[in-house]
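Chains as they are written, first to last, in this note's numbering: chain E, 719 to 1107; chain F, 719 to 1107. All C-beta atoms in this analysis are idealised placements derived from N, C-alpha and C, irrespective of residue type, glycine included. Worksheet: the structure to be examined is printed underneath.
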């Protein structure tokens, strides 16, 4: 396998992008990454696109061909692949783009993720998102994603004594980080009372325990490491790239307070990278709900099972004063969560950090980062370990 | 890059599978391939699934996790990826599974395609399929796939003098082949008058010029060639595997009588395989409409532009008496066209032929085959060149 590196990263602003369609968003993200990489469109050999549900959102499948066409790349008839893995579509797209370069078949690959969600009503969004759960055994009986994660939260509270206040601290932290990110959907700090007094979505998860509905796109340019080193001064090396799966339905798992796919994907990625969790300087974790960040912190081994709530409340994962900042971008909670884009957006943030250009969010001296992207309630998890050169 | 070989192939029957859901179909196809490969489920490192539109057909996204779960593979947390490229979803899945093995990251990969279409009404199917065209510039204005291919047919008739009778001969040939395939949706010969007198769908394409709405699934097991040779007596080597793209909309192309993506994907695959078109002994081509097979024959170089109609009518591509049989499986027309499965089903037929186990459809002495899978009206095309060992 060839070593693979990231030579460019770019993103749109996340939020309610009223003036931009899915194709606009995809192209803007791709162009940002291409400009950042200082390559021309004729350098590109293949495109990978992560997208969850354009078929249902805008009656448009064949999304990779769409982006290839509207970015002008179809004139060179490049290879293009769309992957879908619910909210892990971006991470799974990156894994496959990584394999495409590692294989030796393609030298310069653009991988992006995009989703256009805000044109749908809240009810439509709830239904479209629920299609990533088990349609036959969960959605049919009325399960929604807030409900599924609320069950995990209740189980975590029961098993480990985790409190609503501890979960709320995840939202407070990630909003504080998002306030420093000019591309975040919510660039505003919030306090604990705001989270605790917000309207209930699925008890114990209130509005501020949930990531928002978002439009947005992010993209990366990959090259073999050897070529990357001659092309740019500071490529970021993909040291580990893994996907792990679990049962689609939550009901089929032995426990609700942990995601086996996160444990496996994390361990495989660290092994591949020849690192331990202690080597990681910052992480972007999949906080689709506040409880999800706590579970990820425990499953990845940053803390022991049951200790994440207290650790977050103590400030261990804060940008200011924390030992290992988590979700410096604002996370899904504050940066926003356009599903197909999220797995790529996490890596864009890690690249900016490892290249020392994260501005007010910069983690000083960071050389190793981990990103963690979850599909559904944990049926697909991807983990990437990234290292500065 | 490691050489990659196919060590197992399997398929469900294609047709109206009233008793089987998408998950049933996917699992049956996968098990057939696994049994054929004589491997156990614990040998599998990764799964790739091609599926066009389960989100719209059955409100189920996250399709790779679904199949992983219901085949029991989630207990080992294997890597799983779903790809979507309209009716080329199967071929694009195979290309990425090929890269996954070629890269060196995965040794034993199952790649399958599945679609469950017959639970939708005809109107729903027309709308869901049309989502693979350009939603903003084609579908919005009422374009359907029969209409788009009818325009290609009219242009071909105008430019090359192709006749309705010549197009109809594609359907007659493929039904004759399908009659020999126990897994085909239509195992019945038809005559020229039946095609010509059938109800019109989109002038000049009648019902028998169109492939059917189908349920079905197909799967393959891939290994590095070296491992494959020690595992099985006669693996089939993937000598060429390519994807090429074109504009999503038909209106943006310089001509309607040729698909540039087929030309490019075909030439790239032959170059990769170090073959010429004269080396090919049989081909499975994407005959979603009869005109599509004629255009593919010309674009791939089996005949010159404008000569495919006469060549088919002369019997050059018939199993009985033809020089280079095309669509011995019955093609999309008679074998059936469950969109996500088609690109894999074509390769399953090629594997059976190259291993000498195609029964009544056997092409004697065939050692090299080509498969051609089209998404939309040609915005994505994949070509695979396969060789017997």
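{"Query": "Can you look up residue 1007 (chain E) in the DSSP assignment and give me helix, strand or coil?", "Result": "strand"}
{"Query": "Tell whether a beta-carbon distance below 7 angstroms holds between residue 1090 (chain E) and residue 959 (chain E).", "Result": "no"}
{"Query": "Verify the CB distance criterion: does residue 910 (chain E) have a CB-CB separation below 7 angstroms to chain F?", "Result": "no"}
{"Query": "Could you list which residues in chain F have their beta carbon closer than 7 angstroms to that of residue 810 (chain E), in chain order?", "Result": "799"}
{"Query": "If contact means a Cβ-Cβ distance below 9 angstroms, which residues of the region 956-980 of chain F contact chain E?", "Result": "959, 960, 961, 962, 963, 964, 965, 966, 967, 970, 978 and 979"}
{"Query": "Considering only C-alpha positions, which residue in the set F:725, F:787, F:767 and F:754 is nearest to residue 970 (chain E)?", "Result": "F:787"}
{"Query": "Alpha helix (DSSP H) containing residue 864 (chain F): first to last residue?", "Result": "863-878"}
{"Query": "Are the C-beta atoms of residue 985 (chain E) and some chain F residue less than 7 angstroms apart?", "Result": "no"}
{"Query": "With H, G and I counted as helix, E and B as strand and the rest as coil, what does DSSP make of residue 897 (chain F)?", "Result": "coil"}
{"Query": "7 angstroms is my cut-off, CB to CB: does residue 774 (chain E) come that close to chain F?", "Result": "yes"}
{"Query": "Who are the Cβ neighbours of residue 865 (chain F) in its own chain at under 7 angstroms, not counting the five residues just before and after it?", "Result": "920"}
{"Query": "Does DSSP classify residue 1100 (chain F) as helix, strand or coil?", "Result": "strand"}
{"Query": "By DSSP, does residue 748 (chain E) sit in helix, in strand, or in coil?", "Result": "helix"}
{"Query": "List the endpoints of the continuous beta strand (DSSP E) containing residue 959 (chain E).", "Result": "954-963"}
{"Query": "Against residue 857 (chain F), what residues of chain E qualify as contacts under a CB-to-CB distance less than 9 angstroms, listed in chain order?", "Result": "777 and 778"}
{"Query": "Could you compute how far the alpha carbon of residue 1039 (chain F) sits from the alpha carbon of residue 972 (chain F)?", "Result": "37 angstroms"}
{"Query": "Which chain E residues are close to residue 1094 (chain F), counting only those with a beta carbon under 8 angstroms from its beta carbon?", "Result": "780 and 783"}
{"Query": "Taking a cut of 7 angstroms between CB atoms, which residues from the region 759-770 of chain E lie near chain F?", "Result": "770"}
{"Query": "Distance check for residue 874 (chain F) and residue 926 (chain F), CA to CA, integer angstroms please.", "Result": "18 angstroms"}
{"Query": "Give the C-beta separation of residue 783 (chain E) and residue 1098 (chain F) to the nearest angstrom, bearing in mind that I take them to be a contact with Cβ-Cβ under 8 angstroms.", "Result": "5 angstroms"}
{"Query": "Where does residue 724 (chain E) sit, in a helix, a strand or coil, going by DSSP?", "Result": "strand"}
{"Query": "Quick check: what's the CA-CA separation for residue 860 (chain E) versus residue 844 (chain E)?", "Result": "11 angstroms"}
{"Query": "So, helix, strand or coil for residue 989 (chain E), using DSSP?", "Result": "helix"}
{"Query": "With a threshold of 7 angstroms between beta-carbons, can residue 814 (chain F) be considered close to chain B, or not?", "Result": "No chain B is part of this structure, whose protein chains are labelled E and F."}
{"Query": "Is the region 818-834 of chain F touching the region 883-898 of chain F in the sense that three or more CB pairs, one from each, lie closer than 8 angstroms?", "Result": "no"}
{"Query": "For residue 1101 (chain E), I'd like the list of residues in its chain whose CB is within less than 6 angstroms of its CB, leaving aside the five on either flank, ordered along the chain.", "Result": "960, 983, 984, 987 and 1090"}
{"Query": "If you reduce the DSSP assignment to three classes, tell me which class residue 809 (chain E) lands in.", "Result": "helix"}
{"Query": "Run the CB neighbour count on residue 1048 (chain F), radius 10 Å, all protein chains shown included, and call it buried at 16 or more, exposed below.", "Result": "buried"}
{"Query": "Using the C-alpha atoms, what's the distance from residue 749 (chain F) back to residue 1001 (chain E)?", "Result": "39 angstroms"}
{"Query": "Do residue 811 (chain E) and residue 768 (chain E) have their C-beta atoms closer together than 7 angstroms?", "Result": "yes"}
{"Query": "What span of residues does the alpha helix (DSSP H) with residue 1107 (chain F) cover, start to end?", "Result": "Where residue 1107 (chain F) is concerned, there is no enclosing alpha helix (DSSP H), given that its DSSP letter is neither H nor E."}
{"Query": "Using a beta-carbon distance below 7 angstroms, is residue 835 (chain E) in contact with chain F?", "Result": "no"}
{"Query": "Listing by chain order, which chain E residues have their CB less than 9 angstroms from the CB of residue 719 (chain F)?", "Result": "821, 822 and 823"}
{"Query": "My output table needs one value for residue 789 (chain E): the three-state DSSP class, helix, strand or coil.", "Result": "coil"}
{"Query": "In this structure, does DSSP put residue 1055 (chain E) in helix, strand or coil?", "Result": "coil"}
{"Query": "May I ask you to report which of helix, strand or coil DSSP gives residue 824 (chain E)?", "Result": "coil"}
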